[in-house]
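Residues in the sequence shown are numbered consecutively from 482, following the numbering used here.
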Amino acid sequence: MRLHRPTPFISTVHQATMRIAVSLLILVLCVSTAVAQGQSESLQRGNSSFAGPDEFEILGISVEGVETENMRTFALRTSGLAVGQKITLPGDPAISEAIRSIYKLRVFSDVRIVEERRAGTGIFLLIQLTEEPQLAEFTFSGIKKKHRRKLEDEVPLFKGTR
């Protein structure tokens, strides 16, 4: 019994395919190593925001999301942040505490403090607020007048409450 040998053509095609596959694998490994090395160098040079915290002086604070100047001033004073104050970004506890202080008022459903822009070693901050919805109107329907009065006395609902 004689064993069948593959024809030289099939063997040549198989070898060429293997060479291409190995070459592509080597190319992918080289490129991924170069990219990883480039990322590491940029972190060391400080080109990334992950280089570490930087100290900034607050040059200005704006408040948006509220209609009246009184509410803007109230939120700004409650935050505890002030122009001239030094903060470290990212991660200064003064920013977290400012958000907590404003949120504890229970007047705003969303409180954010973001960087508006930088100027050298100074920074301008923006406090973004979303006011809680206010009660515009309420009525009790489907009940007798005496029951309605009793409910109005027992349930503390007032126009303008949150």
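Ideal Cβ positions, reconstructed from N, Cα and C, are used throughout, including at glycine. The structure displayed is predicted, hence computed values, not measured ones.
{"query": "Sequence-distant residues of its chain with Cβ nearer than 7 Å to Ile-580 (five each side left out)", "result": "Val-592 and Ile-594"}
{"query": "First and last residue of the uninterrupted alpha helix (DSSP H) at Phe-555", "result": "550 to 560"}
{"query": "The segment 558 to 571 in contact with the segment 613 to 627 per 3-pair CB rule at 8 Å", "result": "no"}
{"query": "Entirely enclosed beta strand (DSSP E) segments - the segment 599 to 626, minimum 3 residues", "result": "603 to 612"}
{"query": "Whole-angstrom distance between Glu-550 and Thr-602, CA atom to CA atom", "result": "29 Å"}
{"query": "Supposed contact pair Ile-539 and Leu-586 - C-beta distance, whole angstroms, cut 8 Å", "result": "No, Leu-586 and Ile-539 are not in contact; Cβ-Cβ is about 21 Å, not under 8 Å."}
{"query": "Buried versus exposed call for Leu-506 [16 or more other C-beta atoms within 10 Å across all chains shown]", "result": "exposed"}
{"query": "Supposed close pair Ser-560, Ser-582 - CB separation, criterion 8 Å", "result": "6 Å"}
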